[in-house]
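Protein chains: 2
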Amino acid sequence: MIEALVNKLENYLTLSDADKQQLKNAVVRVEDIKKDQDVICVNERPEFVHLIVDGWACRYKLIENGDRAIVAYLIPGDLCDIHIAMLDHMDHSVCSLTPLRIAYLERQKVEEIFFSNNTLARAFFWSTLIEESIMREWFANVTSRPADKRLAHMFCEIMMRYRAAGLTERHDCINFPLTQIELADAAGLSVVHTNRVLQRLRKEGMITFASKRLEIKNWDRLKAFGDFDPRYMHLREEVMQ
Amino acid sequence: MIEALVNKLENYLTLSDADKQQLKNAVVRVEDIKKDQDVICVNERPEFVHLIVDGWACRYKLIENGDRAIVAYLIPGDLCDIHIAMLDHMDHSVCSLTPLRIAYLERQKVEEIFFSNNTLARAFFWSTLIEESIMREWFANVTSRPADKRLAHMFCEIMMRYRAAGLTERHDCINFPLTQIELADAAGLSVVHTNRVLQRLRKEGMITFASKRLEIKNWDRLKAFGDFDPRYMHLREEVMQ
DNA sequence: CGGATTATTGACGCTTTTCAAATGCAGTGG
DNA sequence: CCACTGCATTTGAAAAGCGTCAATAATCCG
């Protein structure tokens, strides 16, 4: 249930059985929710921290003009909202992109862990710093790279995160349940242009992308094309290769 | 020396005299550095955490194509690199945009504080979460808003941060030492376009911006135009008004 | 004062957006 | 099994926003 989270954190440090048990104990229930439902909404402060056990979600913000800006993808092992352990309201919302299995961690217990278990406190802080680092990279990505390299970069990143959470051994093929609409909202592009760019990437023989599956035909080439250097994710060497 | 930092953190919680003293004790020296110098470089892990006492700096990344992406501005009260308390290398660099006065906090002591002082640990975590929130907003800003609104939004934000750190009481006028080049690098725009957009904002009577000074002629109008809602910064009511 | 950096202007071109319509695809119910 | 529906994908054409190049004016700094 918490394996993916443990896998991710163990990119940074090793958790003892006691640490893992303490994490497990914070889980008060597991629930399934449907696709396209808000897990948590802006301005809320729920009693639980949500952990993604299975499925994909996204952080998003609604913009005045009607746009939805997807600011992060969440995959198994990701905490949706440790924020509310410290902050009194969410500054964005989280929505399911597929059916989701979610573990509910009691907020109170998460706070206790943070102040009583140095290892887990480190790990949580680390995880937050990584998220911030990823946001910086996303920002640099959209401000400095054209649409095709931008998408290539995003594909590389999600592949690495999959590996980091122990969800795949490979780096050439994953389940990728996003629609082009959802990709566009995250890349800051229109759907039409996203579509055309994807076709170009396919034509160039870099990827195939159909029926919820992303295949990377040539990992090194895609990395080079998307100017992808995984060091900003601070993962173990084996994961980054 | 640490007033701005204390002011900022006290948007979240109140620090006791002992807390402040502990922070002060972590400072081993204060130094002045020139404009356009790297405070810390990507891949480094220095022995000190740098606190900006006076002046402006920026976080930036160099892109393959030669671009410099500025991913954050740093002002007095901002920590350049608590990251290195947890991470083993910086994933970006920090450079001075003006002459800078910097306080050096011993990394070791910062780590100790984090594990021994719950209040300061909370405050550091909070501060990191705010940074992340600001990154999300920057991301949404560049992906969803046209150049003019984008710049308006950035101006509003920096004004709020100035107030949050106790650097100004006003919300209509601040020292703003950035060149249009530096603005452009942060907004993801070309210098030429930035220049033209600034002229438009001036012509519309929203701002004046000359000789390192930014004047906001009509705060409410600029806020509305830039679609600026300060709640993502999680500041005290009085600061946000 | 002189050199260097920054701000500004004009012209042109390209990436990306927008609008509108067509096609494909999966799920539902008869 | 087929028709129907709703959503995602694809295509085309035209326009907008923004970038690039290049040159000039203004400002800063020693």
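Chains as they are written, first to last, in our numbering: chain S, 13 to 253; chain P, 13 to 253. Glycine is no exception: its CB is placed at the ideal position from the N, C-alpha and C atoms. These numbers were taken from a predicted model, which means no experiment stands behind them.
Short of 6 angstroms from the beta carbon of LYS121 of chain S, and not among the five residues preceding or following it, lie these beta carbons of its own chain, in chain order: ALA38. The beta-carbon separation of GLU144 of chain P and MET147 of chain S, rounded to 6 angstroms, stays under the 8 angstroms limit for a contact. Nearest CB-CB separation between LYS73 of chain P and chain S: below the 8 angstroms threshold. In this structure, HIS62 of chain S sits away from ILE142 of chain S, with a CB-CB distance that is not shorter than 8 angstroms. For a Cβ distance threshold of 8 angstroms, residue set PHE127 of chain P lies close to ASN130 of chain S, ordered along the chain. Assignment of THR131 of chain P by DSSP, reduced to helix, strand and coil, places it in the helix class. With a cut-off of 8 angstroms on Cβ pairs, the region 125-141 of chain S is in contact with the region 25-41 of chain S, counting three or more such pairs. Judged by DSSP secondary structure, VAL83 of chain P falls within the beta strand (DSSP E) whose first and last residues are 80-86.
If you draw a straight line from the Cα of HIS165 of chain S to the Cα of GLY89 of chain S, it is about 21 angstroms long. Distance from the Cα of SER139 of chain P is smallest, within the candidate group P:PHE151, P:ASP44, P:TYR24, for P:TYR24. Taking 8 angstroms as the CB threshold, THR155 of chain S lines the interface with chain P.
Fewer than three pairs of CB atoms, one per stretch, sit closer than 8 angstroms, so the region 182-194 of chain P makes no contact with the region 223-236 of chain S. The beta carbon of TRP150 of chain P sits closer than 8 angstroms to some beta carbon of chain S.
Within chain P, the residues placing a beta-carbon under 8 angstroms from that of ALA81 of chain S are PHE151, ALA152, THR155, SER156, ordered along the chain. Note: LYS73 of chain S is bridge-paired with S:ALA81 in the DSSP secondary-structure output. Taking a beta-carbon distance threshold of 8 angstroms, LEU17 of chain S does not count as an interface residue toward chain P. Listed in chain order, the non-local C-beta contacts of ARG233 of chain P below 8 angstroms within the same chain comprise MET218, local neighbours out to five positions each way being set aside. Nearest C-alpha to ARG243 of chain P among S:ASP103, S:HIS246, S:GLU59, S:GLU15: S:ASP103. Taking 7 angstroms as the Cβ-Cβ cut-off, the region 238-250 of chain S approaches chain P at ASP239, ARG243, TYR244, HIS246, given in chain order. The region 69-89 of chain P makes contact with the region 193-212 of chain P, as at least three CB pairs between them are under 8 angstroms. Nearest Cα to MET252 of chain P within the set P:LEU86, P:THR110, P:GLY178, P:SER108: P:GLY178.
Residue burial annotation: CYS107 of chain P is buried, with at least 16 other C-beta atoms found within 10 angstroms of its C-beta. The C-beta of THR140 of chain P comes closer than 8 angstroms to at least one C-beta of chain S. Per DSSP, the continuous alpha helix (DSSP H) segment holding CYS168 of chain P begins and ends at 159-176.
Interface flag for GLU181 of chain S against chain P is unset, since no Cβ pair is found closer than 8 angstroms.
For ILE45 of chain S, the closest of S:PRO111, S:GLY67, S:ASN55 by C-alpha to C-alpha distance is S:PRO111. 8 angstroms or more divides the Cβ of PRO189 of chain S from the Cβ of LEU91 of chain S. Of the candidates P:GLN49, P:LYS161, P:GLU169, P:LEU17, the residue whose Cα lies closest to the Cα of LEU213 of chain P is P:LYS161. Interface residue (Cβ-Cβ distance to chain S less than 8 angstroms): PHE167 of chain P is not classified as such. Within chain S, the residues GLU144, MET147, ARG148, PHE151 have their CB atoms less than 7 angstroms from the CB of MET147 of chain P, given in chain order.
At least 8 angstroms separates the CB of ASP31 of chain P from every CB of chain S. Each residue's CA atom was taken as its position, placing ASP239 of chain S and ARG208 of chain S some 20 angstroms apart. One thing to note: ILE87 of chain S has its Cβ no nearer than 8 angstroms to the Cβ of ARG119 of chain S.
Listed in chain order, the non-local C-beta contacts of ARG157 of chain P below 7 angstroms within the same chain comprise HIS165, ASP239, local neighbours out to five positions each way being set aside. With a minimum length of 3 residues, the unbroken runs of beta strand (DSSP E) contained wholly in the region 92-133 of chain P fall at 105-108, 112-118. Straight through space, the alpha carbons of ASP241 of chain S and ASN55 of chain P are spaced by roughly 12 angstroms.
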